[in-house]
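Here is the structure we will look at, set down as structure tokens.
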Amino acid sequence: MSENSPKAMDPVCGMSVDPATAAATVDHEGHTYYFCGKGCAKSFSADPGKS
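For reference, each letter of the sequence shown is one residue, going 67 to 117 in the numbering used here.
Structural data, given as structure tokens:
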């Protein structure tokens with residue numbers, strides 16, 4: 067059985083994340099990024115250009 071829910075990729079660790087249940091989100095330059103955990107979101111927020 068395959069899931070049809072949309073998936074996003076955590077830009078820090080590369081993990082597949084379900085936007086509906088993402089642990090954290092960050093809006094940057096008009097785009098919403100989804101994260102597996104608050105640690106990845108914090109790393110991204112500290113230096114968005116690095117990810």
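We put the CB at the ideal spot given by N, CA and C, even for glycine.
- Given that a residue counts as buried once 16 or more other Cβ atoms are within 10 Å of its Cβ, and exposed if not, what is PHE110? PHE110 is buried by the Cβ-count criterion.
- Item | Extent of the continuous alpha helix (DSSP H) run through ALA107 | Counting along the chain, the alpha helix (DSSP H) containing ALA107 begins and ends at 104 to 112.
- Message: On the DSSP letters alone, give me the boundaries of the beta strand (DSSP E) that ASP93 sits inside.
- Response: Counting along the chain, the beta strand (DSSP E) containing ASP93 begins and ends at 90 to 94.
- Output the boundary residues of the beta strand (DSSP E) element that contains THR98. Segment 97 to 101, the beta strand (DSSP E) holding THR98.
- Task: Assign PRO85 to buried or exposed, taking buried as 16 or more other Cβ atoms, counted over all protein chains shown, within 10 Å of its Cβ.
- Result: By the neighbour-count rule (16 or more Cβ atoms within 10 Å), PRO85 is not buried but exposed.
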